[in-house]
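**Q**
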Amino acid sequence: MQETPLRALLVLLAVALVCSVLVSVSAVVLRPIQEANERIERFRHIVALTGLVAEDQALDDAQVEAVIEQLDVRVVELDSGRFAPLEPEQVDSRRAVSDPELSIAVPADADRARIGRRSRHELVYLVIAADGRQLSRVILPVHGQGMWSTLYGLVALEADLNTIAAVTFYEQEETAGLGDQIESSTWQARWVGRRLFNRAGGFRFRIASGPVDDGSPAATHEVDGLSGATITGNAVTALMEFWFGPFGYGPLLEQLAAGEY
Numbered sequence: 011m012q013e014t015p016l017r018a019l020l021v022l023l024a025v026a027l028v029c030s031v032l033v034s035v036s037a038v039v040l041r042p043i044q045e046a047n048e049r050i051e052r053f054r055h056i057v058a059l060t061g062l063v064a065e066d067q068a069l070d071d072a073q074v075e076a077v078i079e080q081l082d083v084r085v086v087e088l089d090s091g092r093f094a095p096l097e098p099e100q101v102d103s104r105r106a107v108s109d110p111e112l113s114i115a116v117p118a119d120a121d122r123a124r125i126g127r128r129s130r131h132e133l134v135y136l137v138i139a140a141d142g143r144q145l146s147r148v149i150l151p152v153h154g155q156g157m158w159s160t161l162y163g164l165v166a167l168e169a170d171l172n173t174i175a176a177v178t179f180y181e182q183e184e185t186a187g188l189g190d191q192i193e194s195s196t197w198q199a200r201w202v203g204r205r206l207f208n209r210a211g212g213f214r215f216r217i218a219s220g221p222v223d224d225g226s227p228a229a230t231h232e233v234d235g236l237s238g239a240t241i242t243g244n245a246v247t248a249l250m251e252f253w254f255g256p257f258g259y260g261p262l263l264e265q266l267a268a269g270e271y
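In my numbering, the protein residues as written are 11 to 271.
(1) Under the DSSP definition of a beta bridge, which residues are partnered with Gly91?
(2) What beta strand (DSSP E) runs, 3 residues minimum, are completely inside the segment 98-149?
(3) Determine the DSSP secondary structure at Gln155, reduced to helix, strand or coil.
(4) Let me confirm a value: Val86 is counted as buried when at least 16 other C-beta atoms fall within 10 Å, else exposed. Which label applies?
(5) What is the DSSP secondary structure of Val3, counted as helix, strand or coil?
(6) For the pair the segment 240-259 and the segment 152-172, tell me if three or more CB-CB distances fall below 8 angstroms.
(7) Measuring alpha carbon to alpha carbon, tell me which of Pro98, Thr14, Leu59, Gln67 ends up nearest Gln198.
(8) To which residues does DSSP link Arg84 through a beta bridge?
(9) Along the chain, where does the alpha helix (DSSP H) containing Phe252 start, and where does it finish?
(10) Kindly list the residues whose CB is nearer than 6 angstroms to the CB of Leu188, restricted to its own chain and excluding five residues on each side of it in sequence; keep chain order.
(11) Please classify Ala76: is it buried, with 16 or more other beta-carbons within 10 angstroms of its beta-carbon, or exposed?
(12) For Val222, which three-state DSSP category applies?
(13) What separation, rounded to the nearest whole angstrom, lies between the Cα atoms of Ile138 and Arg147?
(14) In or out: Leu27 buried (at least 16 other Cβ within 10 Å) or exposed?
(15) If you run the structure through DSSP and keep just helix, strand and coil, what is Arg216?
(16) By the 10 Å Cβ neighbour count, where 16 or more other Cβ atoms means buried, how is Leu262 classified, buried or exposed?
(17) Which residues share a DSSP beta bridge with Leu176?
(18) Taking the alpha-carbon of Glu181 as reference, which of Gln100, Gly163, Ala218 has the nearest alpha-carbon?
(19) For the alpha helix (DSSP H) that Gly260 lies in, which residues bound it at each end?
(20) In the DSSP assignment, find the alpha helix (DSSP H) that holds Gln182 and state where it starts and stops.
(21) Decide if the segment 204-219 is in contact with the segment 51-67; the criterion is three or more beta carbon pairs, one per stretch, under 8 angstroms apart.
(22) Excluding sequence positions up to five away, which residues of its chain have a Cβ less than 8 angstroms from the Cβ of Ala297?
(23) How many angstroms separate the CA atom of Thr196 from the CA atom of Gln80?
(24) Measuring CB to CB, does Ala2 end up less than 7 angstroms from Ser90?
(25) To the nearest angstrom, report how far apart Gln100 and Arg127 are at their CA atoms.
(26) So which of Ala210, Gly61, Tyr271, Thr185 has the shortest CA-CA distance to Ser159?
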């Protein structure tokens, strides 16, 4: 059969159509698998902060989900600090910021984290002691704008709601070798035992401009600075100040301190 420009074009369109269909089908088929993997990865970050497993203990997916089932997962209404009658599956705080009904604009003078809007609700994770009554830890999601990207992390507080039990920053796109040090387990370990507030209740936690001597008074509230990444370090300080203030988890911490959980 004689080749013509029209025939060549039809063949090209047919190949493109077949490839497009294959890509679309693959996306549909693989999407549930991808979502399941993302869910397990998120759970792993949470489990690592619970204090329920050893730091060097390797868990398979089923064991990770078993630990999550031990937690009391709640939806908090951030403005009031009270728990909302919603199921965790109903809350997606990232998507909520694009919906005016599910989010609020943060006043510019209060937006230390530079997030613009925040969801009205957040998922929080309560670790309840073996007696079934006492709060052992609370794990709280945080995020804020870094130098180049949005920083996402989780902060676990001890039962006093002031002492940091553990922390992880698990998503960021900061400068390689500098700002991305916030994902370093060694640096994150320096947070353990630091306190958010002073005795008067004022927010005092911060990332220092350099190393912090563990024997100094500064070690009560400060963590070592990030070498060559002052802007990212300041951003971490700012997002912590926001999330543990009145537009973040401040109202929730008041409720928990009063035994409302």
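Just so you know, even glycine gets a beta-carbon here, dropped at the ideal spot from N, CA and C.
**A** For this structure:
(1) In DSSP, Gly91 forms no bridge with anything.
(2) Whole beta strand (DSSP E) segments, 3+ residues: 113-115, 127-129, 131-138.
(3) Secondary structure at Gln155: strand, using DSSP grouped into helix, strand and coil.
(4) buried
(5) What is shown of the chain runs 11 to 271, which leaves residue 3 out entirely.
(6) yes
(7) Taking the Cα of Gln198 as reference, the smallest distance to any Cα among Pro98, Thr14, Leu59, Gln67 is reached at Leu59.
(8) Val134
(9) DSSP places Phe252 in the uninterrupted alpha helix (DSSP H) bounded by 240-253.
(10) Gly238, Ala239
(11) exposed
(12) coil
(13) 7 angstroms
(14) When all chains shown are included, Leu27 counts as exposed.
(15) strand
(16) buried
(17) Per the sequence shown, residue 176 should be read as Ala rather than Leu. Ala166.
(18) Per the Cα distances, Gly163.
(19) 260-267
(20) Looking at the DSSP string, Gln182 is not in any alpha helix (DSSP H), and its letter there is neither H nor E.
(21) no
(22) The chain is shown from 11 up to 271; residue 297 falls before or after that span and cannot be answered.
(23) Distance between the alpha carbons of Thr196 and Gln80: 27 angstroms.
(24) Lying before the first or after the last residue shown, residue 2 is absent from the chain, which here runs from 11 to 271.
(25) 19 angstroms
(26) Closest by C-alpha distance to Ser159, out of Ala210, Gly61, Tyr271, Thr185, is Thr185.
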